[in-house]
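Number of protein chains: 2
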Amino acid sequence: MKFDKIIHEPARLKIMMILSGVEQADFNFLLTTLALTRGNLSRHMEKLESASYLKISKSFKGKMPNTSYQLTQKGSKALAQYWENLDAVRRLGQA
Amino acid sequence: MKFDKIIHEPARLKIMMILSGVEQADFNFLLTTLALTRGNLSRHMEKLESASYLKISKSFKGKMPNTSYQLTQKGSKALAQYWENLDAVRRLGQA
DNA sequence: GCAAATAAGTTTGCGTTGCAAACTAAAAGC
DNA sequence: GCTTTTAGTTTGCAACGCAAACTTATTTGC
Chain L
94 MKFDKIIHEP ARLKIMMILS GVEQADFNFL LTTLALTRGN LSRHMEKLES ASYLKISKSF
154 KGKMPNTSYQ LTQKGSKALA QYWENLDAVR RLGQA
Chain C
94 MKFDKIIHEP ARLKIMMILS GVEQADFNFL LTTLALTRGN LSRHMEKLES ASYLKISKSF
154 KGKMPNTSYQ LTQKGSKALA QYWENLDAVR RLGQA
C-alpha cells in the first residue's frame, strides 16, 4: 500500500486526471486550467515524462511552438493503481 | 481545491484515518500497524499536533510511559475536507 | 526595419520536509 | 550492577516543489 510519489503531488495528480479524460492536452490548456506558473508546469511535465507516464509531442501551431501531452498506458495504469491505494487507505477509517 | 499539506502525506493520512475509526490509539499500535520507524512516527505526530489535528496524552501503563493520541474536532473536519477535495480531483477524469 | 512587448517554455536557487540514523532516558532481565 | 529492551526525541541530509530569472522566437508599434 505504498504511494506513487510521482503521482501523489496535487498538481501532477490533477494533470494526470485531466489527461485521463481527453486524448491529449497542450501546455497552455493545462496552464490556464490549473493556474500554475509556466516554470512549475514545465517541471511537473518533465517529471511525469521521465517516469514515462506521458508522451510529449512538440509541433508548431502556425508559427508558434506548441507542446502537447498524452498519457501513456503505463501512466494510465499507475493512475488507476494510485486510486486503488487511496481507496484502501480510505477504508482504514472503518476499523 | 487546494490540498492540506499536513494531511497529504501518506503516513499522516493513514494515521488520521486510523484515528478516525477509533477513540484513541497509542504510539506502539500506530508503530506496528504502519511499520514506520519510531523517529518518523514521532515527527509525524508532532506535526499533526502542532496543527491541532490531534491531542497527545502521555501517561503510564504500569511503569512504562505510554503516549496516546486522539483526533480533535478540527482534525476530523480537516480530514473530511481532504477527502472532499480529493473526490473533486477524481472527477476531473470525467471531462 | 527595429525596438519593445508578448509567447512558450526551461533553468536556476532556495526553503521546506520526509526519512534514517544517532541519541536519551528509564525499566527489565541476568 | 551491567546489559538489553522499550519508548520515544533530536539531528543531518538528500530530494523536492515553487518562484523568479533566463532563453528563444514572434508579433506589434512607431
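Those protein sequence lines, which keep their order, are chains L and C. Counting in this note's numbering, the first sequence runs from 94 upward without gaps. Counting in this note's numbering, the second sequence runs from 94 upward without gaps. Glycine is no exception: its CB is placed at the ideal position from the N, C-alpha and C atoms.
Can you find a CB in chain C that lies within less than 8 Å of the CB of Ile111 of chain L? Counted from its first residue, the first sequence places residue 111 of chain L at position 18. Interface residue, yes.
Contact set between Arg189 of chain L and chain C, taken where Cβ atoms lie within less than 8 Å: Nothing can be reported for residue 189 of chain L: it is not among the residues displayed for chain L, which extend from 94 to 188.
Which residues in chain C have a C-beta closer than 9 Å to the C-beta of Lys107 of chain L? List them in chain order. As a position in the first sequence, residue 107 of chain L is number 14, starting the count at 1. Per Cβ cutoff of 9 Å: Met94, Val182, Leu185.
What are the boundary residues of the alpha helix (DSSP H) that Thr50 of chain C is part of? Absent from the structure is residue 50 of chain C, since the part of chain C shown begins at 94 and ends at 188.
Any chain C beta carbon closer than 8 Å to Gly114 of chain L: Counting from one through the first sequence, the residue named residue 114 of chain L turns up at place 21. Answer yes: the Cβ-Cβ gap between Gly114 of chain L and chain C drops below 8 Å somewhere.
Counting pairs of Cβ atoms below 8 Å between the stretch 116-129 of chain C and the stretch 170-184 of chain C, do you hit three or more? no
Considering Met94 of chain L, what are the terminal residues of the alpha helix (DSSP H) in which it resides? As a working mapping, residue 94 of chain L is identified with position 1 in the first sequence. Premise fails: Met94 of chain L is in no alpha helix (DSSP H) and is neither H nor E.
Closer than 8 Å by beta-carbon distance: list the chain L residues that pair up with Pro103 of chain C, in chain order. On the second sequence, residue 103 of chain C is found 10 positions in, with the first residue counted as 1. Lys95, Phe96, His101, Val182, listed in chain order.
Which value, in whole angstroms, describes the spacing of the CA atoms of Met109 of chain C and Leu106 of chain L? The residue labelled residue 109 of chain C in the question sits at position 16 within the second sequence. The residue labelled residue 106 of chain L in the question sits at position 13 within the first sequence. Each residue's Cα considered, the two are about 21 Å apart.
Is the beta carbon of Ser161 of chain L less than 8 Å from the beta carbon of Gly186 of chain C? Here residue 161 of chain L is taken as the residue at index 68 of the first sequence, counted from 1. Here residue 186 of chain C is taken as the residue at index 93 of the second sequence, counted from 1. Cβ atoms of Ser161 of chain L and Gly186 of chain C: not closer than 8 Å.
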